[in-house]
Ligand SMILES: Nc1ncnc2c1ncn2[C@@H]1O[C@H](COP(=O)(O)OP(=O)(O)OP(=O)(O)O)[C@@H](O)[C@H]1O
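Numbering (the working numbering), first residue to last: 35 to 623.
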């Protein structure tokens, strides 16, 4: 069948590019052109996978920065994805490559354009035809509208995508629209904004899918239905963490090209159940303690713009708070991967594809991604849970590396986008210098988990509850002003208690009982107020004021128009435009 299609689409002829003659071949999967001059044949060869051809136009056409068309009889212009490295980030920038071909006759020109269009339809079936685009005019530097109209819309038009654009007038408009309005005929939804806008789309798309499937998303025992609508992100926010962690660069043109060619990246989502039967979804951070406090503090200083996060970070750091609570988690299969295995989830990641295989081949098996965990109220035995009691600077759960421009490797550098697990990071109470070291390591390539007061676990679910009032009071009574300690300030009297697994593996001397509690009053006196006993949860930038939560990871619940971070090391071949550059050009789809 594949060979038949190849034959049907195959086209080969001599074409001119500028004043040079080329031998051009379309094989269904690739469009290649090689300089006809024998001497240069190997040097001057370009191979573009059909999956990465953006469009073809009759005549001499230019799209970006401005559209211009010269309607000539024997010319056609091919637009395709071209890569270049980015100095500021880990991924590759995608640009619109463009080559103008001249044919010996109009008939041959029409044959070429027809064949290329047919190849696109046949070999790139996931390309969107109709998109709903939500622009937040107030996100980031307030340039959402300009970014969309000048950099994105021309690419959508070139690719024949019709888009229904909504410029939002209030928060949650995009989410409500997705939950209530008719979405028939749309292949995907796109946000032009930051992580907050992405979160609106995430909630809208997941909620709508569950509504239509008749499922109650507030019930933690329910296995949620995967969402058919793809989500695209055009970064125009302040941090754009989800875009950075899934594409590797913050660049509207790169993201638009991923959308145009219909890239598809599955993404795990964490449902956070809190309060009386409520649910929120997170992909990048569910954080208690430091990250919750920073968010709560930053909300008071919105007028500062993006700088509010740096300011609030400093204020919260100086207040040196920690919170007592109980964390329970359900460990993921340690044979699949580990948060400390120093791997990176790159495009075509083996761990994620193994999980996909598992998901689709034996979803009814006991050990499979979904069935192995179905909630706290069903098959899962309480014995499978690990329980940890103690005083924490922060408790964080993430479904991805959560890398961003400020932290290029992210909160958990080896986390995977689509393996059905999350990484739980516990930072125990420690002295300020120790905690500063932990925070600082996020901005470098040093291992932030290689600190005695930090532990990380790959998990499928997490529960958290506050310490009882009695325990908290006991804490406050046992105030201990120790600042010195091992490893750059780790205070050996930090409290840890109760983890059946962790206690087993922790070296002697670090295991503490609930009597060894510490409160570090460093700078607490700044405000001379009693330290609060509870923090709030930061759920992808939204405050959840309920300390008691239950989180469950849903493997591959949504799909993004992305393909994961491409390895910059493979760029060289492509930049040289050699025929053998298939490795980069034809990444698995
Ligand atoms: N028209 C609007 N007016 C006010 N708020 C809006 C509007 N449209 C969207 N919002 C809300 O603004 C919040 C922030 O938007 P967005 O995420 O786009 O930018 P950001 O906060 O600057 O970026 P980041 O989230 O990456 O830090 C979102 O939570 C969204 O709900």
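The C-beta atom is built at its ideal place from N, Cα and C for all residues, glycine as well.
Local conformation of residue i per DSSP, three classes
i: residue 578; result: strand
i: residue 259; result: coil
i: residue 495; result: strand
i: residue 69; result: strand
i: residue 110; result: strand
i: residue 171; result: coil
i: residue 526; result: Unreliable positioning characterises residue 526 in this predicted model, as indicated by a pLDDT of 39, which lies under 50. A coordinate reading is not provided.
i: residue 55; result: strand
i: residue 459; result: strand
i: residue 644; result: Any property of residue 644 remains undetermined from this structure, which presents the chain solely from 35 to 623.
i: residue 477; result: coil
i: residue 119; result: strand
i: residue 97; result: coil
i: residue 355; result: coil
i: residue 146; result: helix
i: residue 292; result: helix
i: residue 240; result: helix
i: residue 520; result: The pLDDT assigned to residue 520 is 36, lower than 50, so where the model puts this residue is not dependable; a value taken from the coordinates is nonetheless given after this. If DSSP states are grouped into helix, strand and coil, residue 520 belongs with the helices.
i: residue 44; result: coil
i: residue 305; result: strand
i: residue 312; result: strand
i: residue 390; result: helix
i: residue 396; result: A caution first: residue 396 carries a pLDDT of 47, below 50, which makes its placement in the model unreliable, though a value can still be read off. The answer is coil: DSSP assigns residue 396 none of H, G, I, E or B.
i: residue 486; result: coil
i: residue 614; result: Model confidence at residue 614 stands at a pLDDT of 38, short of 50, so the residue's coordinates are unreliable; what they give is reported in the following sentence. In the structure shown, residue 614 sits in coil (DSSP, three-state: anything other than H, G, I, E or B).
i: residue 213; result: helix
i: residue 336; result: helix
i: residue 346; result: helix
i: residue 454; result: coil
i: residue 360; result: strand
i: residue 551; result: Because residue 551 carries a pLDDT of 36, less than 50, the predicted location of this residue cannot be relied on, and the following value inherits that uncertainty. In the structure shown, residue 551 sits in coil (DSSP, three-state: anything other than H, G, I, E or B).
i: residue 179; result: helix
i: residue 467; result: helix
i: residue 62; result: coil
i: residue 249; result: coil
beta-carbon residue i near ligand 1 non-hydrogen atom, thresh 7 Å
i: residue 231; result: yes
i: residue 205; result: yes
i: residue 675; result: No statement about residue 675 is possible, as the shown extent of the chain runs from 35 to 623 and does not include it.
i: residue 170; result: yes
i: residue 272; result: yes
i: residue 91; result: no
i: residue 333; result: no
i: residue 455; result: no
i: residue 20; result: No statement about residue 20 is possible, as the shown extent of the chain runs from 35 to 623 and does not include it.
i: residue 234; result: yes
i: residue 238; result: no
i: residue 575; result: yes
i: residue 266; result: no
i: residue 444; result: no
i: residue 227; result: yes
i: residue 321; result: no
i: residue 174; result: yes
DSSP beta-bridge partners of residue i
i: residue 166; result: 198 and 223
i: residue 79; result: 68
i: residue 91; result: 111
i: residue 419; result: Beta-bridge pairing links residue 419 to no other residue.
i: residue 299; result: 594
i: residue 104; result: 94
i: residue 267; result: 225
i: residue 587; result: 304
i: residue 570; result: Bridge partners of residue 570: none, in fact.
i: residue 438; result: 441
i: residue 365; result: 493
i: residue 430; result: 321 and 459
* **At least three beta-carbon pairs within less than 8 Å, the segment 179–196 to the segment 326–341** => no
* Count the C-beta pairs between the segment 268–288 and the segment 245–259 that are closer than 8 Å, then say yes if the count reaches three, no if not. => no
* At a cut of 8 Å, does the segment 489–500 reach the segment 348–367 through at least three beta carbon pairs? -> yes
* To do: Mind the definition here: the segment 202–217 touches the segment 309–324 only if three or more C-beta pairs lie below 8 Å; say whether that holds.
  => no
* Does the segment 161–179 come close enough to the segment 225–239 that 3 or more CB-CB pairs lie under 8 Å? -> yes
* To do: Please confirm if the segment 590–604 is in contact with the segment 341–351, defined as three or more CB-CB distances below 8 Å between the two stretches.
  => no
* Evaluate contact between the segment 51–69 and the segment 80–87, counting only Cβ atoms and requiring at least three cross-stretch pairs below 8 Å. => yes
* Asked: Would you call the segment 373–390 and the segment 447–461 in contact, with 3 or more CB pairs under 8 Å?
  -> yes
* At least 3 beta-carbon pairs within less than 8 Å: the segment 92–107 vs the segment 54–61 -> no
* the segment 249–265 touching the segment 146–158, judged by at least three CB pairs closer than 8 Å -> no
* Inspect the CB distances between the segment 111–119 and the segment 274–283 and report whether three or more fall short of 8 Å. => no
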